[in-house]
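Numbering (my numbering), first residue to last: 11 to 300.
Note that beta-carbon positions come from the ideal geometry of N, C-alpha and C, so glycine has one too.
Predicted model, so just to flag it, every value in this text is computed and none were measured.
The structure appears below as C-alpha cells.
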C-alpha cells in the first residue's frame, strides 16, 4: 500500500488502535501501541525485532480468537497447520482483497520473526515487514468492523436457544468475546440475556473485570469502563438472589478496584435478603479498610 502523509498515517494508526480496543480487546490495543513505539525507535534495544514480533503474535492470536465466531475453522483438520487454516478462514469469511499485504501476511511466519536462528544474534529489524503487517491489520479490522453485525446475529441465535441446548458453544463464544471495549458483543449478549444464562458465564470472565483506564492524550485522567457482567448481575438479582450473590462474592474475592462495578453490586444486593446483603457489605468494608 502507498505510504500516506505523516498526519494521515497517525490517524490510521490511531484508528487501528481504536478498532483493536473496540472489536478485539484492550490487551491487543496495548500490544499494538507498545509495538509501534518499539518499531519507531531508531535507538531501540538490540532485540527490537524479537520484541516487536512477539507483540505482533499476541495481537494476531487475539484477532484469531475474536474472529472465530465469524470465521470458524476445523481445528482437527488443520491441526498440523493451525495458523494457515485460521488465516485462510478469515480471508474467506471476511472476503479480504487479493492485496500484496494480505498475501504476505498469510505466507509469512510471525513465529520465525519473533525468534532468533539457533543461538545466533537477534536479526536486524526490517521496517517494511512491519509496515506490511500493519497494512494487513488495517484491512482485517476494517472488514471485521463491517461484518460486526454477523457476530451480533450469531449471539441472538444463541440467546434464542436454551442454555442446555447451546451447550459448550456458549462458553466458547463468550470467552472469545472482548471483555472490555466500547459497544462490544459481550455487552450486547448480557444486555439481552435473561437469568437462565447466569450459570453459563465462564469463570475466566468473572475473574477479569475491567480496571480504570488512562485517557489517551490527557495525562492524569482516567476513565472507568462499565462491565456488562456486573450490570447483568444487578438486573437478574431479583430472580436469582442466592446465585447472583455467590457470583458477586466470587468477584469480590479478587478485589476489583473499579467503582462502577461496586455500584452495580450495590444495586444487586439491595434486592436480596438481609443476611446476604450484610455479608456483601462486610466484604465491601473489609476492602475499604484493608
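Item: Would you kindly check if the distance between the Cβ of residue 282 and the Cβ of residue 251 is under 8 Å?; Value: yes
Item: In this structure, how does DSSP classify residue 149 when only helix, strand and coil are distinguished?; Value: helix
Item: Apply the 10 Å Cβ neighbour rule to residue 233 and answer buried if 16 or more other Cβ atoms are within range, or exposed otherwise.; Value: exposed
Item: Measure the beta-carbon distance from residue 41 to residue 27 and round it to whole angstroms, keeping in mind my assumption that it falls under 8 Å.; Value: In fact, because the Cβ distance is near 10 Å, the residues do not count as touching under 8 Å.
Item: By the three-class DSSP mapping on this structure, what secondary structure does residue 173 have?; Value: helix
Item: Which one of 89, 141 and 177 has the shortest CA to CA distance from residue 114?; Value: 141
Item: Can you tell me the Cα-Cα spacing of residue 305 and residue 213, whole angstroms?; Value: Since the first residue of the chain shown is 11 and the last is 300, residue 305 is not available in this structure.
Item: State yes or no: is the C-beta of residue 264 within less than 8 Å of the C-beta of residue 217?; Value: yes
Item: Answer with buried or exposed for residue 279, where buried requires no fewer than 16 other C-beta atoms within 10 angstroms of its C-beta.; Value: buried
Item: Can you check whether the CB of residue 81 is closer than 8 Å to the CB of residue 99?; Value: yes
Item: Quick check on residue 255: buried or exposed, where buried means 16 or more other Cβ atoms within 10 Å of its Cβ?; Value: buried
Item: Please confirm whether residue 143 and residue 104 have their CB atoms less than 8 Å apart.; Value: no
Item: Given a cut-off of 8 Å, decide if residue 34 and residue 76 are closer than it, judged by their beta-carbon atoms.; Value: yes
Item: When you measure from the CB of residue 222 to every non-hydrogen atom of the ligand GTP, does any distance come out below 7 Å?; Value: As presented, the structure is devoid of all ligands, the ligand GTP included, so that no description of it is given.
Item: Around the C-beta of residue 298, are 16 or more other C-beta atoms found within 10 angstroms, so that it is buried, or is it exposed?; Value: exposed
Item: With a threshold of 6 Å on Cβ separation, who are the neighbours of residue 240 within its own chain once the five nearest residues in sequence on each side are excluded?; Value: 271 and 274
Item: Count the other CB atoms, across all protein chains shown, that sit within 10 Å of the CB of residue 191; report buried if there are 16 or more and exposed otherwise.; Value: For residue 191, the predicted model reports a pLDDT of 48, less than 50, meaning its position is unreliable and no value from the coordinates is stated.
Item: Residues in its own chain within less than 7 Å of residue 4 by CB, not counting five upstream and five downstream?; Value: Residue 4 is absent from the model: the chain starts at 11 and stops at 300.
Item: Just the C-alpha distance for residue 39 and residue 205, rounded to the nearest angstrom, thanks.; Value: 32 Å
Item: Reducing DSSP to helix, strand and coil, say where residue 232 ends up.; Value: strand
Item: Assign residue 21 to one of two classes, buried (16 or more other C-beta atoms within 10 Å of its C-beta) or exposed (fewer than that).; Value: exposed
Item: Please report the straight-line C-alpha distance between residue 291 and residue 276, rounded to a whole angstrom.; Value: 9 Å
Item: Note the first and the last residue of the continuous alpha helix (DSSP H) segment covering residue 282.; Value: Note, residue 282: premise wrong, no alpha helix (DSSP H); not H, not E.
Item: Assuming contact is defined by CB atoms lying nearer than 8 Å, are residue 262 and residue 293 in contact in what I supplied?; Value: yes
Item: For residue 174 versus residue 168, is the C-beta distance shorter than 8 Å?; Value: no
Item: Tell me, which residues are paired with residue 79 by DSSP?; Value: None, per the DSSP bridge assignment.
Item: Please work out which residues of its chain come closer than 7 Å, Cβ to Cβ, to residue 260, disregarding the five sequence neighbours upstream and downstream, and give them in chain order.; Value: 216
Item: How is residue 224 classed by DSSP in three states: helix, strand or coil?; Value: strand
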